[in-house]
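Undergrad:
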Amino acid sequence: MRVCARVSMTFMARIEEIRSLFPALSRKVYGKDLVYFDNAATSQRPQSVIDMWTKITSESNANIHRAVHRLADEATQAYEQARDSVRDFINAISREEIIFTSGTTAALNLVAFSFGEAFVKEGDEIVVTEAEHHSNIVPWQMMCKRKGAVLKVLPVDDSGHLRTEMLDEILSDKTRIMAVTHISNVLGLINPVKEIIEKCHASGIPVLIDGAQGVVHSKVDVQDLDCDFYVFSGHKLYAATGTGVLYGKKELLDEMPPYMGGGEMVGTVSFEETTYAPLPMKFEAGTQNFASAATLKSAIEFTNLLNDNELVDKLDKIRDYLLDYLRSDERITLYGVPRGTNEEKIPLFSFTVKGIHHEDLALILDKMGIAVRSGQMCAEPLMTRFGVTGMLRVSLAPYNTLEEAEYFIRCLDKAIKMLQ
Amino acid sequence: MTLQEAENAIVEEFSMYEEWLDKYEYLIELGKSLTDYPDSAKTDDKLIKGCQSRVWLDYKVEDGKIFFNADSDAIITKGIISLLIGLYSGRTANEILSSDFSVVEKIGLKENLSPTRANGLVSMIAKIREIAYGTEGLV
């Protein structure tokens, strides 16, 4: 007993220590301790990330890849070290396969445009799923419109699982690419992306994985997955805003034309003909967001620090607690319900409460100090699928605690009673 | 009661509640009191754009006065529109347009509710003013 107590005290001290590294987590809102449960939208930043950004901006502020002076060298090094960190983090074969973007949205637009230019013609088909964020729908729609291609959709079932058994009828010899989310930002279920990739590859179809949530909640190995593209945002992974990553297989990226023209993405330029720079610079036109991109290194170091058994175990327990409650309260409808074990789900819960508008709940919870998301979560087709105008979403990070989850449940109950 | 007096009364009423949750309780009650908006008038042309929840605002002009009616699928938003209607319904276009609508700032609604585009407070006020402008010549 005593040993247990000591372990748990040490562990609690550790959680407190981790929380203390995030300046935002100690603030109060409306006089109450902040409970930040909107991590799927963006995570909070640890001091190391803030320090990295400040260091580059205050000491090493110079445009990267261009000048030969000392400051430019420091900024370039920091930027390129971040690229190495990302390569290592997702186990890409080479650093040329890591393209920095402003976020998941920019990465998806880049692929939809450039892949479309290289490989899609009239009558071809692109496959997405019903569980996608607007960012993984609209760029493909725009490309389809431009190319005269057709967008096809793999549906989800009532529990929110992708109906992968329908892939055979949806994929065809006209399918040029399939784009699917690793983990939906609404449903929080880990999709069987490896199985989907295998299936698509058997027909020679490349697959893009939207990893905006996936990279935060699972260990991503792009070689093991064998995905053709994997995209994610830095700001959901503790890095600065305006950061994102496109991983792409070199042979595909080489075939794709640049998305934007400009400085540093070229080989030689004349008014008659321009040749392009090799990867990854071909896709990084203009002055990059180098101070923010550099923070990906600190952010990844931090992520690795958080990725230990003790912390993962703690977050799993909180997930199980919230899942049990939200499944059993009859006033609540949860979307994205595990069919098998709880391991299918990340600590992200979208739900509706019978007879109560999600916005009312979010407003009241806010005044209780709890930050949650309400609305369509940029996934209107999914809202339509479930016949709702919006949902309430709580999404947790490793720095959240069971006490916060318990407080949230008490406040949710109170808010529901106020509104009934 | 003049419009100014009504606005002052609301400011006073709100100042009694120190806690935001109590202010919400008050708005929720106001929202619940708004019950006679017909489903048949829940049409797209009466929807106020810019709100996360749906808000319908209808009006009629009688004896030179504008009478508003509204509904929303979210109760706090409904409370807010109910509060606005309570102030501005049954007034002339001139009266409405003479108001600077600072009442919403004085009771802290603007500061605490509008930054999130959630409830579309700004859109509601704009719509009320637009209706008043539109009927100005008629009354």
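Protein chains in written order, with the working numbering: chain A, 213 to 632; chain B, 1375 to 1513. Ideal placement from N, C-alpha and C gives every residue a C-beta, glycine not left out.
Would glycine 474/A and alanine 497/A be called neighbours here (beta carbons separated by less than 8 Å)?
TA: Result yes, Cβ atoms of glycine 474/A and alanine 497/A sit closer than 8 Å.
Undergrad: Does any residue of chain B bring its CB to less than 8 Å from the CB of tyrosine 242/A?
TA: Cβ-Cβ to chain B under 8 Å: yes for tyrosine 242/A.
Undergrad: Per DSSP, what kind of secondary structure is threonine 376/A in: helix, strand or coil?
TA: It is helical.
Undergrad: Return the CA-CA distance between methionine 603/A and isoleucine 1454/B, expressed in angstroms with no decimal places.
TA: Approximately 21 Å, taken between the alpha carbons.
Undergrad: Counting only Cβ pairs nearer than 7 Å, list the residues of chain A close to isoleucine 1449/B.
TA: Near isoleucine 1449/B (Cβ distances below 7 Å), the residues of chain A are His569, Asp572, Leu631.
Undergrad: Who are the Cβ neighbours of tyrosine 1507/B in its own chain at under 8 Å, not counting the five residues just before and after it?
TA: Contacts found: Ala1467, Leu1471.
Undergrad: Check the C-beta distance from alanine 505/A over to tyrosine 291/A and give it rounded, since I have them as a contact under 8 Å.
TA: Confirmed, Cβ separation roughly 5 Å.
Undergrad: For serine 1456/B, decide whether its Cβ has a neighbour in chain A, counting only Cβ atoms nearer than 8 Å.
TA: No, serine 1456/B lies away from the interface with chain A (no Cβ there is under 8 Å from its Cβ).
Undergrad: Go to asparagine 321/A, then tell me how far its alpha helix (DSSP H) extends in each direction, as first and last residue.
TA: Element bounds for asparagine 321/A: 316–331.
Undergrad: State the CB to CB distance for the pair isoleucine 582/A and phenylalanine 563/A, rounded to an integer number of angstroms; the pair is presumed to be in contact (CB under 8 Å).
TA: So it is not a contact: roughly 14 Å between Cβ atoms.
Undergrad: Counting only C-beta atoms, is serine 1488/B closer than 8 Å to chain A at any point?
TA: Bear in mind that a pLDDT of 49 at serine 1488/B, under 50, signals an unreliable position, so the number given afterwards is only what the model happens to contain. No - not a single Cβ of chain A is within 8 Å of the one on serine 1488/B.
Undergrad: Where does asparagine 519/A land, buried or exposed, given buried means 16+ other C-beta within 10 angstroms?
TA: Counting Cβ neighbours within 10 Å, asparagine 519/A comes out exposed, since fewer than 16 surround it.
Undergrad: So which of Asp1432/B, Asp1396/B, Glu1469/B, Ala1444/B has the shortest CA-CA distance to glutamine 1378/B?
TA: Minimum Cα distance to glutamine 1378/B is reached at Glu1469/B.
Undergrad: Which partner residues of aspartate 285/A appear in the DSSP bridge assignment?
TA: BP columns for aspartate 285/A are empty, so no partner.
Undergrad: Would you say the region 270–280 of chain A touches the region 523–537 of chain A, given that touching needs at least three Cβ pairs under 8 Å?
TA: Touching, no.
Undergrad: Look at the alpha carbon of serine 1488/B and the alpha carbon of valine 1496/B, and state the distance between them as a whole number of angstroms.
TA: A caution first: serine 1488/B carries a pLDDT of 49, below 50, which makes its placement in the model too unreliable to give a value.
Undergrad: Just how far apart, CA to CA, sit valine 481/A and proline 490/A?
TA: One C-alpha to the other measures close to 14 Å.
Undergrad: Determine whether the Cβ of leucine 1471/B lies closer than 8 Å to any Cβ atom of chain A.
TA: For leucine 1471/B, the answer is no, since every Cβ of chain A falls outside 8 Å of its Cβ.
Undergrad: List the whole-angstrom C-beta distance separating leucine 420/A from alanine 391/A, where the pair is believed to meet the contact cut-off of C-beta under 8 Å.
TA: About 4 Å separates the two Cβ atoms, so the contact holds.
Undergrad: Is the separation between the beta-carbon of phenylalanine 234/A and that of valine 606/A shorter than 8 Å?
TA: The answer is no: Cβ separation not under 8 Å.
Undergrad: Relative to the C-alpha of glycine 416/A, which residue among Gly426/A, Gln425/A, Ile389/A, Phe441/A is closest?
TA: Residue Ile389/A is the option with its Cα nearest to glycine 416/A.
Undergrad: Take every Cβ of the region 394–404 of chain A, pair it with every Cβ of the region 298–314 of chain A, and state whether three or more of those distances are shorter than 8 Å.
TA: Touching, no.
Undergrad: Do the region 252–268 of chain A and the region 508–525 of chain A meet, that is, are 3 or more Cβ pairs less than 8 Å apart?
TA: Touching, per the Cβ criterion.
Undergrad: Going by DSSP, what residues sit across from glycine 633/A in a beta bridge?
TA: Within the shown structure, residues of chain A are numbered from 213 to 632, placing residue 633/A beyond reach of any answer.
Undergrad: Among the candidates Thr222/A, Asn397/A, Ala424/A, Lys494/A, whose CA atom is the shortest distance from the CA of histidine 447/A?
TA: Ranking Thr222/A, Asn397/A, Ala424/A, Lys494/A by Cα distance to histidine 447/A puts Ala424/A first.
Undergrad: Which bits of chain A does leucine 1395/B rub up against, with CB to CB less than 8 Å?
TA: Ordered by position in chain A, the residues that pass the 8 Å Cβ test against leucine 1395/B are Ile576, Lys579, Met580, Met630.
Undergrad: Can you name, in chain order, every residue of its own chain whose Cβ lies under 7 Å from the Cβ of alanine 330/A, other than the five neighbours on each side?
TA: Excluding residues within five positions, the ones whose Cβ falls inside 7 Å are Glu467, Met468, Pro469.
Undergrad: Determine the chain A residues that contact isoleucine 1402/B at a beta-carbon separation under 7 Å, and present them in chain order.
TA: Chain A residues near isoleucine 1402/B: Met630, Leu631.
Undergrad: Starting from glutamate 1379/B, find everything on chain A with Cβ-Cβ shorter than 7 Å and list it in chain order.
TA: Ordered by position in chain A, no residue passes the 7 Å Cβ test against glutamate 1379/B, which lies about 29 Å from the chain.
Undergrad: Can you tell me whether DSSP reads valine 247/A as helix, strand or coil?
TA: Correct three-state label for valine 247/A: strand.
Undergrad: Suppose the cutoff is 7 Å on Cβ atoms and the five residues either side in sequence are ignored; what does the same chain contact list for lysine 1434/B look like?
TA: Excluding positions up to five away in sequence, the list reads Phe1441.
Undergrad: Nearest CA to the CA of methionine 1498/B: which residue from Trp1430/B, Ala1415/B, Trp1394/B, Gly1464/B?
TA: Among Trp1430/B, Ala1415/B, Trp1394/B, Gly1464/B, the Cα nearest to that of methionine 1498/B belongs to Trp1430/B.
Undergrad: Just reading off the alpha helix (DSSP H) that leucine 614/A is part of, what are its end residues?
TA: Start and end: 614–631.
Undergrad: Is the distance from the Cβ of methionine 630/A to the Cβ of isoleucine 1481/B below 8 Å?
TA: For methionine 630/A and isoleucine 1481/B, no; Cβs fall outside 8 Å.
Undergrad: In chain order, what residues of the same chain lie with their CB nearer than 6 Å to the CB of arginine 299/A, ignoring the 5 residues before and after it?
TA: Closer than 6 Å at Cβ, skipping near neighbours: Arg307, Ile310.
Undergrad: Can you find at least 3 beta carbon pairs, one from the region 333–353 of chain A and one from the region 362–379 of chain A, that sit closer than 8 Å?
TA: The region 333–353 of chain A is in contact with the region 362–379 of chain A.
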